[in-house]
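K.L.:
The structure under discussion is supplied below as structure tokens; questions concerning it will follow.
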Amino acid sequence: MEKKFYITTLGCPKNTADSMSMHHSLLEEGFVPAIVPEESDFHFINTCTFIQSATEETIQTILSAAQVKKQNHQKLVVVGCFAERYPDNISAEIPEVDLFFGTGKYSQAGQILRDTFPDLSPPKLEFNEDILERLKLSVGIENYSKPYAYVKVSDGCNRGCSFCIIPSFRGKFRESPIEDILRDTDRAIRAGAKEICLVSQDTVYYGRDSEVLLDMVRKVSEIDSLKILRLLYLYPDKKTEKLIRLMGETPKIAPYLESPLQHVSSKILKAMNRAGDSSTFKDLFSLAREVKPGLEIRTSFIIGYPGEDADDVDQVLKFIEETRPEKVNLFSYSPQEGTKGAEFKQTVSEKEKSMRINMIRDAHLSILEEIHQSRIGKTYDAIVDNIEDGQAVVRRLQDAPEMDEVVYVDDASLIPGTIGKVKIDSFYEYDMNGTWVSQ
Numbered sequence: 014m015e016k017k018f019y020i021t022t023l024g025c026p027k028n029t030a031d032s033m034s035m036h037h038s039l040l041e042e043g044f045v046p047a048i049v050p051e052e053s054d055f056h057f058i059n060t061c062t063f064i065q066s067a068t069e070e071t072i073q074t075i076l077s078a079a080q081v082k083k084q085n086h087q088k089l090v091v092v093g094c095f096a097e098r099y100p101d102n103i104s105a106e107i108p109e110v111d112l113f114f115g116t117g118k119y120s121q122a123g124q125i126l127r128d129t130f131p132d133l134s135p136p137k138l139e140f141n142e143d144i145l146e147r148l149k150l151s152v153g154i155e156n157y158s159k160p161y162a163y164v165k166v167s168d169g170c171n172r173g174c175s176f177c178i179i180p181s182f183r184g185k186f187r188e189s190p191i192e193d194i195l196r197d198t199d200r201a202i203r204a205g206a207k208e209i210c211l212v213s214q215d216t217v218y219y220g221r222d223s224e225v226l227l228d229m230v231r232k233v234s235e236i237d238s239l240k241i242l243r244l245l246y247l248y249p250d251k252k253t254e255k256l257i258r259l260m261g262e263t264p265k266i267a268p269y270l271e272s273p274l275q276h277v278s279s280k281i282l283k284a285m286n287r288a289g290d291s292s293t294f295k296d297l298f299s300l301a302r303e304v305k306p307g308l309e310i311r312t313s314f315i316i317g318y319p320g321e322d323a324d325d326v327d328q329v330l331k332f333i334e335e336t337r338p339e340k341v342n343l344f345s346y347s348p349q350e351g352t353k354g355a356e357f358k359q360t361v362s363e364k365e366k367s368m369r370i371n372m373i374r375d376a377h378l379s380i381l382e383e384i385h386q387s388r389i390g391k392t393y394d395a396i397v398d399n400i401e402d403g404q405a406v407v408r409r410l411q412d413a414p415e416m417d418e419v420v421y422v423d424d425a426s427l428i429p430g431t432i433g434k435v436k437i438d439s440f441y442e443y444d445m446n447g448t449w450v451s452q
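Following our numbering, the numbering of the sequence shown begins with 14 at its first residue and continues without gaps.
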């Protein structure tokens with residue numbers, strides 16, 4: 014009898030791409046996907062532990078799945094970042110977990126499962142390549158269930174930011190061969206994706222050479238059936254400048270810059286072991302808007318890093334007021350064991366971190382309200398993501414899936430994946446209401 018699996022994915026789009034690799038591996042070994050976790054024989058949880066809140070969500074998800082396991086006689090499998098970082102804790106404190114393995118083994122998930130549970134594993138089905146490929150294009154795969162898909166260009170990171178734990182369990186930077194990127198892009202498009210988002214821990218490090226990076230992006234953009242290409246996780250350095258210029262020359266690339274600055278104070282950036290300063294970041298944002306008309310910017314800041322004082326916070330506020338990024342993500346710094354930042358004296362209290370974040374958020378919301386006002390009556394290129402509660406959930410090309418604003422349109426007849434235009438009619442704090450104009 015065929016054994017079923019279900020994958021719960023936590024964290025960022027990079028984990029979604031990893032879950033897709035795991036899904037393919039399980040298919041290759043004869044397992045079949047379940048529609049819901051309760052119907053699975055093996056419930057995989059692909060975990061995240063980037064910050065404390067992500068770790069807490071992971072633990073809660075595992076404990077909740079353990080309760081489901083008791084009622085459904087299934088095996089619980091924990092994989093990814095949390096399993097890589099805390100294997101001893103899982104063994105000692107969560108006995109309900111039947112199997113765990115870390116990062117870098119997603120593509121081996123099927124074989125690992127068969128080796129671990131030989132009596133439960135189904136016999137490997139002898140699919141021919143055509144049938145297996147059709148199975149791999151199933152919309153049951155999370156990454157293929159929407160009009161957009163994530164394609165991973167690399168894993169790991171060499172930056173050594175002092176607040177970040179990722180290199181300790183993801184390892185050094187390892188890029189995917191261009192052939193694999195093109196294959197994964199083509200496969201996602203054949204599965205129905207209209208938009209491809211290139212993801213990694215550090216996209217601009219690809220090839221370690223600007224021309225290799227640019228060549229990779231050009232080749233992906235030249236795939237005829239690709240409609241929209243979105244570049245994510247662009248570290249703010251000189252290579253990003255070159256990539257921005259390519260964005261201006263390439264119509265398929267979305268008018269969108271996602272570049273996590275993390276701070277603008279030179280003092281704090283130095284302590285974080287990051288490059289750049291307020292002036293270079295301003296130039297980067299100006300260049301992006303100059304070469305790609307209509308482009309919008311998403312960035313992030315870590316607030317409350319050791320040594321941060323009121324002047325450093327004022328610099329962030331001033332930067333936001335002067336550059337007016339449309340999307341700002343704010344993180345409260347939490348020391349991660351094993352990082353350089355955790356060795357520093359923690360000089361900012363949790364209460365003070367919250368106060369600073371709220372102050373910056375309020376300042377940005379005031380700017381965002383003005384930005385929203387300027388959008389009313391304007392028409393934007395857009396894509397229909399899905400139908401929800403009798404409304405179409407539409408996304409402007411200036412917004413990335415799953416993390417930016419959406420536009421609600423009162424037209425449930427729109428088909429997900431349709432590309433056309435939306436006119437903005439009104440707005441909430443973040444999201445908007447609009448009217449679908451045309452295909």
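Backbone N, C-alpha and C define an ideal beta-carbon position, used for all residues, glycine too.
#1: Under a three-way DSSP split, which group does ASP417 fall into?
#2: Quick one: grab the DSSP three-state call for LEU239.
#3: Counting along the chain, where does the beta strand (DSSP E) carrying ILE380 start and finish?
#4: Which residue marks the beginning of the beta strand (DSSP E) containing GLY434, and which one marks its end?
#5: Just mark ASN28 as buried or exposed, buried being the case when its beta carbon has 16 or more other beta carbons within 10 Å.
#6: With a threshold of 7 Å on Cβ separation, who are the neighbours of ALA47 within its own chain once the five nearest residues in sequence on each side are excluded?
#7: What's the C-alpha gap between SER272 and LEU245?
#8: Pick from MET285, LYS436, LEU239: whose alpha carbon is nearest that of THR263?
#9: Can you tell me whether ASN371 is buried or exposed? The criterion is at least 16 other CB atoms within 10 Å of its CB, across all chains shown.
#10: Which whole-angstrom value is the C-beta distance of THR352 and ILE178, which I expect to be below 8 Å?
#11: Output yes or no for whether 8 Å exceeds the beta carbon distance between LYS10 and THR336.
#12: Which same chain residues end up closer than 8 Å to SER167 when comparing Cβ atoms and leaving out the 5 residues on each side of it in sequence?
#13: Pick helix, strand or coil for THR71, following the three-state DSSP scheme.
#14: Just to check my reading of the structure: GLY123 and PHE44 have Cβ atoms closer than 8 Å, yes? What is that Cβ distance to the nearest angstrom?
#15: What does DSSP give as the partner residues of PHE89 in its beta bridges?
#16: Is the segment 356–372 touching the segment 434–441 in the sense that three or more CB pairs, one from each, lie closer than 8 Å?
#17: Could you say if the segment 30–41 and the segment 57–65 meet the contact criterion of at least three C-beta pairs nearer than 8 Å?
#18: What three-state label does DSSP hand ARG287 in the structure shown?
#19: Where does PRO50 land, buried or exposed, given buried means 16+ other C-beta within 10 angstroms?
#20: Can you look up VAL166 in the DSSP assignment and give me helix, strand or coil?
#21: Taking the alpha carbon of PHE332 as the point to measure from, which residue in GLY354, GLU363, ASP290 has its own alpha carbon closest?
#22: Among ILE266, ARG388, LEU274, GLU42, whose alpha-carbon lies nearest the alpha-carbon of PRO131?
#23: Is it the case that the segment 423–433 contacts the segment 268–287, given that we only count it when at least three CB pairs across the two stretches are under 8 Å?
#24: Within 10 Å of its beta-carbon, does ILE437 have 16 or more other beta-carbons around it, so buried, or fewer, so exposed?
#25: Note down, one range per segment and in chain order, each beta strand (DSSP E) of at least 3 residues found wholly within the segment 293–355.
#26: Within 8 Å, do at least three Cβ pairs link the segment 343–358 to the segment 313–320?
#27: Taking the alpha carbon of SER510 as the point to measure from, which residue in ARG258, ASN102, GLU365 has its own alpha carbon closest?
#28: If we ignore side chains and look at the alpha-carbon of each, how far apart do ILE384 and ASP199 end up?
#29: The beta strand (DSSP E) spanning ALA395 covers which residue range?
#30: Considering only residues of the same chain and omitting the five flanking positions on each side of LYS265, which have a CB-CB separation below 8 Å?
#31: Go through its chain and collect everything with a Cβ distance to VAL407's Cβ below 8 Å, but skip five positions before and after it.
#32: Can you tell me where the alpha helix (DSSP H) holding LEU256 begins and where it ends?
#33: Strictly by DSSP, which residues pair up with PRO46?
#34: Is the beta carbon of PHE55 less than 8 Å from the beta carbon of GLN87?
#35: What are the start and end residues of the beta strand (DSSP E) that includes ASN102?
#36: Leaving out five residues on either side along the sequence, give the residues of the same chain with a beta carbon under 7 Å from the beta carbon of THR74.
P.N.:
Reading it off the structure:
#1: coil
#2: coil
#3: Unbroken run through ILE380 is the alpha helix (DSSP H), 363–388; no beta strand (DSSP E).
#4: One point to set straight first is that residue 434 is Lys, not Gly, in the sequence displayed. Segment 432–440, the beta strand (DSSP E) holding LYS434.
#5: buried
#6: LYS17, PHE18, TYR19, SER53
#7: CA-to-CA, the gap between SER272 and LEU245 works out to about 8 Å.
#8: Of the candidates MET285, LYS436, LEU239, the residue whose Cα lies closest to the Cα of THR263 is LEU239.
#9: exposed
#10: Indeed, because the Cβ distance is near 6 Å, the residues count as touching under 8 Å.
#11: Residue 10 cannot be examined here, being either before or after the span of the chain that is shown, 14 to 452.
#12: PHE186, ARG187, GLU188, SER189, SER213, GLN214, ASP215, THR216, TYR218, TYR219
#13: For THR71, the secondary structure class from DSSP, reduced to helix, strand or coil, is helix.
#14: 6 Å
#15: For clarity, residue 89 is Leu in the given sequence; the question names Phe instead. Paired residue(s): HIS56.
#16: No: fewer than three Cβ pairs fall under 8 Å.
#17: Taking a cut-off of 8 Å on C-beta distances, the segment 30–41 touches the segment 57–65, as three or more cross pairs fall below it.
#18: coil
#19: It counts as buried.
#20: coil
#21: That would be ASP290, whose Cα lies nearest to the Cα of PHE332.
#22: GLU42
#23: no
#24: buried
#25: 309–316, 340–345
#26: yes
#27: Because the chain spans 14 through 452 in this model, residue 510 falls outside it and cannot be assessed.
#28: 36 Å
#29: 392–401
#30: SER234, LEU239, LYS240, ILE241, LEU242
#31: ALA395, ILE396, VAL397, ASP398, VAL419, VAL420, TYR421, VAL422, LEU427, VAL435, GLY447, TRP449
#32: 251–262
#33: PHE18
#34: Yes; because the gap between Cβ atoms is below 8 Å, this pair is in contact.
#35: No beta strand (DSSP E) holds ASN102; the alpha helix (DSSP H) holding it covers 100–106.
#36: THR21, LEU23, ILE58
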